[in-house]
Amino acid sequence: MLSLQGDVQSAAYAGLVSAPNLFWAVGPQLVQYVFDGGYRRAQLDSAKAATEEARERYRGVVLSAFQQVEDNLALLSYLRTALSEQRDAANAAQYSVELALRQYRQGTVGYLDVVQAQTVALEAQRSVLDIQTRQLSANVQLLHALGGGWSSDELAQAAAAPALVATAKERSAN
1 MLSLQGDVQS
11 AAYAGLVSAP
21 NLFWAVGPQL
31 VQYVFDGGYR
41 RAQLDSAKAA
51 TEEARERYRG
61 VVLSAFQQVE
71 DNLALLSYLR
81 TALSEQRDAA
91 NAAQYSVELA
101 LRQYRQGTVG
111 YLDVVQAQTV
121 ALEAQRSVLD
131 IQTRQLSANV
141 QLLHALGGGW
151 SSDELAQAAA
161 APALVATAKE
171 RSAN
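What the sequence shown shows, in my numbering, is residues 1 to 174, in sequence order.
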């Protein structure tokens, strides 16, 4: 197949595409992009500054998360030791109650001594429960610092996930 294309031009307009006229047609657009008064450099610098700001903000968030994790781990370690010591104290207080009761039955001490020993034992047991509550709270804070965070809907979906996987496996087996 042979094709021929052409255009008819007037001699009056033929000079518009000559080199000097072509410069004036293309030249201003070229100059506009080359000499923009530093606008593009300013945009680039602004983008770099925004990127650096975002990087520093992210770094701060990550460091804060690490600090929260470390603080909660240290608190849990402290509470573990405190709980052990407080349990020992509660056991000793309970033993003291038993001794006071024996002495009361033998008639060597009054009932007030038994009540005081029971009060000390109950306070020691309450302290054990307080430390355990603080441990649970610290565990929740640690999970949150590690990226945990959940809602009841997410927990329900997580509970339903194994059933969905089992159903999918059954279907793929068939």
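In this text, a Cβ means the ideal position worked out from N, Cα and C, and glycines have one as well.
Can you tell me where the alpha helix (DSSP H) holding residue i begins and where it ends?
{"i": "L112", "result": "Y111 to A145"}
Cβ of residue i within 8 Å of Cβ of residue j?
{"i": "A121", "j": "V97", "result": "yes"}
{"i": "I131", "j": "L83", "result": "yes"}
{"i": "A145", "j": "V61", "result": "no"}
{"i": "A117", "j": "Q86", "result": "no"}
{"i": "A90", "j": "V128", "result": "yes"}
{"i": "Y111", "j": "Y104", "result": "yes"}
With H, G and I counted as helix, E and B as strand and the rest as coil, what does DSSP make of residue i?
{"i": "G107", "result": "coil"}
{"i": "L2", "result": "Since pLDDT at L2 reaches only 46, below the 50 mark, its modelled position is unreliable, and the value read off the structure follows with that caveat. Here L2 sits in coil by DSSP."}
{"i": "G60", "result": "helix"}
{"i": "T81", "result": "helix"}
{"i": "V8", "result": "Note that V8 has pLDDT 49, beneath the 50 cutoff, so the model's placement of it is unreliable and the number below is only indicative. Coil, per DSSP."}
Nearest to residue i by alpha carbon, out of the options?
{"i": "R80", "options": "L143, T51, K48 and A138", "result": "A138"}
{"i": "Q67", "options": "L142, E123 and A50", "result": "L142"}
{"i": "D113", "options": "Q106, E123, L101 and A124", "result": "L101"}
{"i": "S64", "options": "G147, Q157 and D153", "result": "G147"}
{"i": "Q135", "options": "A74, L44, Q157 and L99", "result": "A74"}
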